[in-house]
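Trainee: Following this message is one structure expressed as structure tokens.
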Amino acid sequence: TILCKDYITTNFDMEGSGSSFHIAMCPWFALGHINLYLHLSNKLAKKGHKSSFFIPTKTQSKIEHLNHFPDLITFYPITVPHVEGLPPGAETTNDVLPSLIPLIMTAMDRTENDLELLLRHLKPDFVFFDFVYWIPKLARRLGLKSLHYSVISPVTLAYNLSPSRHLITGRHQFSEMDFMQPPPGYPDSAINLHLHEARALLNESTTKFNGDVLFFDRWYVGFTQCDAIGFKACREIDGPFVDYLETQFGKPLLLSGPLIPEPPVSMLEQKWVRFLGGFKPGSVVYCAFGSEATLTQDQLQELVLGLELSGLPFLAALRPPSGVESIDEALPEGFVERVKGRGVVHGGWIQQPQILEHPSIGCHVTHCGAGSLFEALMNKCQLVFIPFLSDQIFNARLMADSLKVGSEVEKGEESGLFSRDGVCNAIKIVMEEDNNEVGREIRANRAKLRELILHKDFESSYIDDFLGKLRTLLD
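Each residue of the sequence shown is one higher than the last, beginning at 1 in full-length UniProt numbering.
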């Protein structure tokens with residue numbers, strides 16, 4: 001028997017919210033999703049609200065240190081059933097190759113009975129979920145409200161999953177050409193896909209998870225059957241797409257704001273302090289693509305040669321290509337000697353928040369993942385985008401083409417490959433100040449957006465509004 005912990009807490013709720021909420025958090029078994037849900041739990045706990053957090057057993061130890069309110073956020077370990085084809089002990093997408101991710105979803109589907117027992121016992125007010133398409137039906141059966149809190153951005157979902165796409169193309173009859181055009185009524189004509197991106201999205205949409213359940217079905221069923229939809233988003237960036245989705249799905253959309261990370265507690269490693277300290281403020285290019293993106297050796301070499309070609313000092317934190325033991329083996333011949341003293345390519349983990357805060361950093365070349373993007377937006381560095389996956393692509397188009405706060409590296413229309421010249425040119429657009437009208441506009445827009453996000457009441461007002469709308473759902 002699992003016993004719910006008793007709590008004695010002070011009511012920190014904002015005016016008019018009434019008693020505190022109890023929310024069951026059920027993120028998809030991927031560390032990026034789990035981290036975001038815990039980040040949201042911390043923001044809600046700061047206002048006095050309680051979360052019961054469902055997490056794979058062995059994964060708990062990896063994120064416990066990120067729980068800033070252990071009196072209000074309780075982890076409930078979930079045993080992930082073994083599925084034939086998965087490595088022993090695999091629990092999350094981070095434990096497996098991309099080709100095995102569908103089996104992680106199969107394993108998560110097999111936890112439904114365990115989650116039902118927990119939910120019956122805990123009796124939360126809400127269940128927050130993503131990708132787990134059967135949660136709304138389960139929650140309804142138990143008399144609970146469900147909210148699809150999306151890790152994917154509004155701009156992406158509005159493009160990919162608008163119900164109007166089904167009306168004009170027929171269910172699952174998408175083609176590459178369909179995905180190259182936005183759906184009817186989409187609010188921004190500047191955002192569209194190249195051929196190689198549409199092809200990848202088509203392949204992704206028809207991937208089967210657990211038998212015959214298509215990837216897009218998991219998304220679509222979750223969004224259409226839940227009581228409300230939530231996003232880590234704000235109207236100042238995503239407003240038109242939020243309005244469009246609210247009209248399309250016909251249900252409340254709740255925005256939690258950007259969920260600005262807490263300032264890092266630990267100090268930057270001395271070797272990076274020494275390296276970065278040798279350059280002028282705002283002069284160093286920092287390049288990183290998150291914990292999962294892996295370039296081919298050819299593309300990695302084009303990337304670092306583009307950094308070299310820019311003539312600027314740089315620090316790149318990159319994973320070795322598949323089949324290559326270390327990052328040094330993957331670098332072009334003679335590269336290390338040529339850039340010695342002004343450029344470093346690092347193959348291990350790096351303290352990204354602390355790096356981005358360093359005054360020498362002037363530009364961040366990023367894959368445009370939502371977490372990395374907001375880390376960068378909070379700091380003064382200019383932005384260059386090289387997106388790889390669906391959500392990253394739409395984030396990059398929104399930032400580069402609509403908001404004009406950064407520059408995207410050009411890729412081949414069909415191949416999807418970038419060149420060293422493309423990398424160098426994108427960096428020069430945002431970093432060179434002389435005779436550069438485009439760069440001046442980008443830098444001005446970039447500064448305005450940073451000022452907005454960092455306004456002292458900006459995030460708090462979003463969390464308060466988010467909680468107020470949750471209250472309305474219960475009334």
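Cβ coordinates follow ideal geometry from the N, Cα and C atoms, glycine included.
Use the C-beta contact count for S153: other C-beta atoms within 10 angstroms, 16 or more gives buried, fewer gives exposed.
Mentor: In the sequence shown, the residue the question calls residue 153 occupies position 153. Label assigned to S153: buried.
Trainee: Provide the residue span of the beta strand (DSSP E) that contains A293, from first to last.
Mentor: The residue given as residue 293 occupies position 293 in the sequence shown. Looking at the DSSP string, A293 is not in any beta strand (DSSP E), and its letter there is neither H nor E.
Trainee: Does the beta-carbon of R338 have 16 or more other beta-carbons within 10 angstroms, so that it is buried, or is it exposed?
Mentor: Taking the first residue of the sequence shown as position 1, residue 338 is located at position 338. Under this definition R338 is an exposed residue.
Trainee: If you compare alpha carbons, which of I355, P163, I427 and L66 is closest to V273?
Mentor: Here residue 273 refers to the residue found at position 273 of the sequence shown. Measuring C-alpha to C-alpha distances from V273 to each of I355, P163, I427 and L66 identifies I355 as the nearest.
Trainee: According to DSSP, is K456 helix, strand or coil?
Mentor: If you number the sequence shown from 1, residue 456 lands on position 456. Coil, per DSSP.
Trainee: Name the DSSP beta bridge partners of H148, please?
Mentor: Translated into the one-based positions of the sequence shown, residue 148 becomes position 148. Partner(s): F129 and I229.
Trainee: Shorter than 6 angstroms, the distance from the beta carbon of Q392 to the closest heavy atom of the ligand GDP, or not?
Mentor: Among the components modelled here there is no ligand, and therefore nothing to report on the ligand GDP.
Trainee: If you draw a straight line from the alpha carbon of S205 to that of L193, how long is it in whole angstroms?
Mentor: As a position in the sequence shown, residue 205 is number 205, starting the count at 1. As a position in the sequence shown, residue 193 is number 193, starting the count at 1. Roughly 15 angstroms separates the two Cα atoms.
Trainee: Taking the beta carbon of L167 as the centre, do at least 16 other beta carbons fall within 10 Å, making it buried, or is it exposed?
Mentor: For this step, residue 167 is matched to residue 167 along the sequence shown. Low per-residue confidence applies at L167: pLDDT is 49, beneath 50, and the placement is therefore not dependable, though the value from the model is reported in the following sentence. Its Cβ having fewer than 16 others within 10 Å, L167 is exposed.
Trainee: What would DSSP say about V242, mapped onto helix, strand or coil?
Mentor: If you number the sequence shown from 1, residue 242 lands on position 242. V242 falls in the helix class under three-state DSSP.
Trainee: Under DSSP, the alpha helix (DSSP H) around Y159 begins and ends at which residues?
Mentor: As a position in the sequence shown, residue 159 is number 159, starting the count at 1. Element bounds for Y159: P154 to N160.
Trainee: May I ask you to list the residues that DSSP assigns as paired with F466?
Mentor: Translated into the one-based positions of the sequence shown, residue 466 becomes position 466. In DSSP, F466 forms no bridge with anything.
Trainee: Quick one, are the C-beta atoms of Y149 and G230 less than 7 angstroms apart?
Mentor: Your numbering for residue 149 matches position 149 in the sequence shown. Your numbering for residue 230 matches position 230 in the sequence shown. With a cutoff of 7 angstroms on beta-carbon distance, Y149 and G230 are scored as near each other.
Trainee: Which residue wins for smallest C-alpha separation from L103, given the options P81, P124 and L117?
Mentor: In the sequence shown, the residue the question calls residue 103 occupies position 103. Closest by alpha carbon: P81.
Trainee: Can you tell me whether K58 is helix, strand or coil according to DSSP?
Mentor: Numbered from its first residue, the sequence shown carries residue 58 at position 58. K58: helix per DSSP, three-state reduction.
Trainee: Just to confirm the assignment: which complete beta strand (DSSP E) runs, minimum length 3, are found wholly within the segment 337 to 386?
Mentor: 343 to 346, 361 to 366 and 382 to 385
Trainee: Could you name the residues of the same chain whose beta carbon sits closer than 7 angstroms to that of I191, not counting the 5 residues immediately before and after it, in chain order?
Mentor: As a working mapping, residue 191 is identified with position 191 in the sequence shown. Excluding residues up to 5 positions away in sequence, V155, Y159, P182, F394, R397, L398, D401 and S402 lie with their Cβ nearer than 7 angstroms to the Cβ of I191 in the same chain.
Trainee: Could you check which residue in G369, G406 and G334 has the C-alpha nearest to that of L36?
Mentor: Here residue 36 corresponds to residue number 36 of the sequence shown, with the count starting at 1. Checking every option, the nearest Cα to that of L36 belongs to G369.
Trainee: Could you tell me which residues DSSP puts in a beta bridge with M25?
Mentor: Position 25 of the sequence shown holds residue 25. Bridge partners of M25: F53 and F128.
Trainee: Pull up the DSSP beta-bridge partners for C287, would you.
Mentor: Taking the sequence shown and counting its residues from 1, the one referred to as residue 287 is at position 287. In the DSSP output, where bridge partners are listed per residue, C287 has A316 and V365.
Trainee: What are the start and end residues of the alpha helix (DSSP H) that includes F75?
Mentor: The residue labelled residue 75 in the question sits at position 75 within the sequence shown. Not the alpha helix (DSSP H): F75 falls in the beta strand (DSSP E), residues I73 to I78.
Trainee: Do H364 and Y244 have their C-beta atoms closer together than 7 angstroms?
Mentor: Counting from one through the sequence shown, the residue named residue 364 turns up at place 364. Counting from one through the sequence shown, the residue named residue 244 turns up at place 244. Not closer than 7 angstroms, so no.
Trainee: Under the DSSP definition of a beta bridge, which residues are partnered with L255?
Mentor: Start at 1 with the first residue of the sequence shown, and residue 255 comes out as number 255. Partner(s): F231.
Trainee: Relative to the alpha-carbon of F126, which residue among K50, T59 and P77 has its alpha-carbon at the smallest distance?
Mentor: Along the sequence shown, one-based indexing puts residue 126 at 126. Of K50, T59 and P77, the residue nearest in Cα terms is K50.
Trainee: Please look up how many angstroms separate the CB atoms of F466 and L254, rounded, as I've assumed it's under 8 angstroms.
Mentor: Position 466 of the sequence shown, counted from the start, is the residue given in the question as residue 466. Position 254 of the sequence shown, counted from the start, is the residue given in the question as residue 254. So it is a contact: roughly 5 angstroms between Cβ atoms.
Trainee: T10 by DSSP, collapsed to three states: which one?
Mentor: If you number the sequence shown from 1, residue 10 lands on position 10. Unreliable placement is indicated for T10, whose pLDDT of 33 sits below 50; the coordinate value is still reported in the next sentence. In this structure, T10 counts as coil in the three-state DSSP scheme.
Trainee: Indicate the three-state DSSP secondary structure (helix, strand or coil) for L474 in the structure shown.
Mentor: Here residue 474 refers to the residue found at position 474 when the sequence shown is read from its first residue. L474: helix per DSSP, three-state reduction.
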